[in-house]
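To start, the structure itself, in structure tokens.
There are 2 protein chains.
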Amino acid sequence: MASNAAFAEVANLAGDPARAGMLHALMDGRALTATELARVAGITPQTASGHLLQLTAGGLLSVEKQGRHRYHRLASPAVARMLESIMQVAADTAPRKKTFVGPRDVALRAARTCYDHLAGHLGVALADALVKRGDIELTADAGIVTKSGAALFDRLGIDLGIDLGASGKRKGRMLCRPCLDWSERRPHLAGHVGAALCKHCLSEGWIKHIDGTRAVAVTVKGQRNFRDVFGIAMV
Amino acid sequence: MASNAAFAEVANLAGDPARAGMLHALMDGRALTATELARVAGITPQTASGHLLQLTAGGLLSVEKQGRHRYHRLASPAVARMLESIMQVAADTAPRKKTFVGPRDVALRAARTCYDHLAGHLGVALADALVKRGDIELTADAGIVTKSGAALFDRLGIDLGIDLGASGKRKGRMLCRPCLDWSERRPHLAGHVGAALCKHCLSEGWIKHIDGTRAVAVTVKGQRNFRDVFGIAMV
DNA sequence: AAAATGTTTCGGCCAGGGCCGAAGCATCGC
DNA sequence: GCGATGCTTCGGCCCTGGCCGAAACATTTT
């Protein structure tokens with residue numbers, strides 16, 4: 001089958017340390033410039049340029065030129081899911097050393113964005129709280145928003161914009177996707193619902209990005225809301 | 236973060252053409268010997284040996300020695316999902332040439348196993364039929380087995396062995412996972428439910444593996460059952 | 001126009017790693 | 001035991017591909 005070569009090419013693109021670093025940095029869904037990506041990967045801009053060309057040609061990234069900058073982002077949610085699943089396997093594999101945790105790691109483990117949804121301790125705590133309250137049900141493979149969950153999201157002003165699928169008449173339930181967290185080893189809320197919740201938290205000012213990283217900090221307002229709405233006590 | 240190196244290592248393992256071929260061959264969940272894998276990858280046994288050592292050390296494969304043979308299989312469902320997601324991206328990327336389809340490809344596209352569930356035209360048709368009959372509901376991210384679906388599976392003698400999760404009292408619904416088919420570009424049924432269905436089809440003799448490949452052939456008995464039970468007319 | 005900044009192209013260096021032939025172990029069957 | 005079969009280790013070949021310095025190109029700013 002011809003697809004084998006394409007498979008190897010895609011995996012190989014993600015398999016270089018420098019390129020992996022760039023992809024990792026793009027995992028929060030934002031677009032970064034070539035120079036920024038060179039810095040995070042620890043290489044010179046001209047080397048990064050070559051890598052970015054490859055990644056774009058390989059369909060992993062899309063670029064958008066804006067003035068003298070070129071903004072690179074993940075080409076699709078499918079790419080993000082692929083990166084997630086690789087991290088998954090890598091996390092399973094790597095539990096060798098107790099993992100030295102730098103200050104950056106601490107923040108990342110506490111709360112971060114994962115493409116379009118929330119991960120880390122906060123992400124898992126949110127998922128746990130929603131499950132405990134009976135607002136969602138989760139298995140390893142899939143999840144569902146219950147009636148009470150739908151009401152909660154509605155009350156919060158989160159529009160889940162019910163997926164209509166092929167037929168416009170779909171009245172079905174709201175499904176969501178679990179995503180195993182590499183730091184917590186427990187599932188958090190991903191997919192359409194997870195993205196909507198994350199967007200809401202950001203727009204309401206409950207959390208905000210730290211510097212230019214994927215890590216997020218919980219604001220005072222956020223702490224209050226997470227406590228009152230979800231019963232989560234922040235550390 | 237230290238995990239970046241592990242990530243690159245895992246992706247790199249999958250990124251070599253020879254190793255990719257082996258992983259691809261193992262995607263049906265069965266265990267193969269080193270020599271068999273060397274043959275499918277088009278390399279000599281000694282080269283394959285080196286690759287297999289790396290894949291095992293990297294946590295992608297597990298080996299089981301049996302006499303003078305060594306059976307290699309994917310180390311976990313997480314690895315299978317990772318491979319799936321890479322194929323996904325590769326399929327999106329690769330629609331360049333109208334894809335020359337050899338006789339092998341024809342069989343693969345018609346019906347094949349994908350780790351532990353059914354894919355290809357048959358897999359998609361089954362998923363479509365179940366959705367149409369109202370036995371399952373699917374979105375891009377997740378799926379659910381309805382009451383009528385649960386009854387159907389029960390009638391067929393398929394034990395979904397309801398996932399109990401942490402608490403033993405779980406009465407919740409049966410969730411399942413969709414998996415975008417690389418040949419059909421439409422979702423088929425994966426996860427726990429998909430695996431149970433596939434297992435049932437094999438044990439009932441509705442389908443059987445062609446040679447030693449992932450491709451499966453529908454038996455006469457299978458044709459009758461797919462028609463009567465699911466309303467699927469085989470080509 | 002000229003200078004500054006972001007990005008790409010070119011050329012050459014170099015190491016890592018895939019490949020195979022030959023030989024060494026292990027296991028099975030007789 | 002002996003030879004056959006499956007698998008691994010060793011050694012050496014070779015070539016892909018990542019890296020950087022220098023320079024060209026593009027775009028914005030002064």
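The listed protein sequences derive, respectively, from chains A and B.
In case it helps, the working numbering puts the first sequence at residues 1 to 235.
In case it helps, the working numbering puts the second sequence at residues 236 to 470.
In this text, a Cβ means the ideal position worked out from N, Cα and C, and glycines have one as well.
Review point. Using CA coordinates, which residue listed in B/T279, B/K300, B/L309 is at the minimum distance from B/L290?
Key: B/L309
Review point. Using a Cβ-Cβ cut-off of 7 Å (strictly less than) and excluding sequence neighbours within five positions of B/V314, which residues of its own chain qualify?
Key: L295
Check your understanding: Going straight from the alpha carbon of A/A110 to that of B/A326, what length do you get?
Key -> 35 Å
**Study point:** For B/A385, the nearest candidate out of B/Y350, B/T454, B/R408 (CA to CA)
**Key:** B/R408
Practice item. Consult DSSP for B/T381 and reduce its assignment to one of helix, strand or coil. Key: coil
Exercise for review: Would you identify the three-state DSSP class for A/T33, choosing helix, strand or coil?
Suggested key: strand
Review point. Buried or exposed: where does B/D398 fall if 16 or more other Cβ atoms within 10 Å of its Cβ makes it buried?
Key: Note that B/D398 scores 44 on pLDDT, short of 50, meaning its location in the model is unreliable; the coordinates nonetheless yield the value given after this. Exposed.
Exercise for review: Within the same chain, show all residues whose beta-carbon is closer than 7 Å to that of B/R462, passing over the 5 residues directly before and after it, in chain order.
Suggested key: A468
Review point. With a cut-off of 9 Å, does the C-beta of A/R133 fall near any C-beta of chain B?
Key: no
**Study point:** Inter-residue spacing [alpha-carbon to alpha-carbon] between B/F242 and A/G15
**Key:** 8 Å
**Study point:** A/Q223 to A/E184 span [Cα, whole Å]
**Key:** Roughly 20 Å between the two C-alpha positions.
Review point. In chain B, which residues lie less than 8 Å from A/G50 when you measure between Cβ atoms?
Key: Neighbours of A/G50 on chain B: none; closest Cβ ~17 Å, over 8 Å.
Exercise for review: Take the Cβ of B/V341 as the centre, count every other Cβ of all protein chains shown within 10 Å, and call the residue buried at 16 or more, exposed below.
Suggested key: exposed
Check your understanding: Short check: CB of B/P422 to CB of A/A5, under 9 Å?
Key -> no
Check your understanding: Taking 9 Å as the CB-CB limit, is B/H307 close to chain A?
Key -> no
Exercise for review: Output the distance between the C-alpha atoms of A/H24 and B/A354, rounded to the nearest integer angstrom.
Suggested key: Answer to the nearest angstrom: the Cα atoms are 30 Å apart.
**Study point:** Among B/G285, B/T328, B/H307, B/P312, the one whose alpha carbon lies nearest that of A/S62
**Key:** Taking only the C-alpha atoms, the option nearest A/S62 is B/T328.
Practice item. List the endpoints of the continuous beta strand (DSSP E) containing B/V428. Key: Premise fails: B/V428 lies in the alpha helix (DSSP H), 426-438, not in any beta strand (DSSP E).
Check your understanding: Along the chain, where does the beta strand (DSSP E) that runs through B/C451 open and close?
Key -> According to the sequence shown, residue 451 of chain B is Val rather than Cys. Per DSSP, B/V451 belongs to the beta strand (DSSP E) from 451-453.
Exercise for review: Would you mind giving the Cβ-Cβ distance between A/C179 and A/V193, rounded to the nearest angstrom? I have them listed as a contact below 8 Å.
Suggested key: Between A/C179 and A/V193 the beta-carbon gap is near 11 Å, outside 8 Å, which marks them as no contact.
Practice item. Note the first and the last residue of the continuous alpha helix (DSSP H) segment covering B/T291. Key: Its alpha helix (DSSP H) spans residues 280-292.
Review point. What is the DSSP secondary structure of A/M27, reduced to helix, strand or coil?
Key: In the structure shown, A/M27 sits in a helix (DSSP, three-state: H, G or I).
Exercise for review: Flag this pair as yes or no: are the beta carbons of A/I210 and A/T219 separated by less than 9 Å?
Suggested key: no
Review point. What is the rounded straight-line gap between the Cα of B/A450 and the Cα of B/K367?
Key: 26 Å
Review point. Smallest Cα separation from B/L343: which of B/H435, B/G426, B/D416, B/L395?
Key: B/D416
Practice item. May I have the straight-line CA-CA distance separating A/K65 from A/I86, to the nearest angstrom? Key: Just so you know, the alpha carbons of A/K65 and A/I86 end up roughly 29 Å apart.
Practice item. Measure the CB-CB distance between A/H69 and A/M22 and report whether it falls below 9 Å. Key: no
Practice item. Return no unless some Cβ of chain A is closer than 9 Å to the Cβ of B/R412. Key: yes
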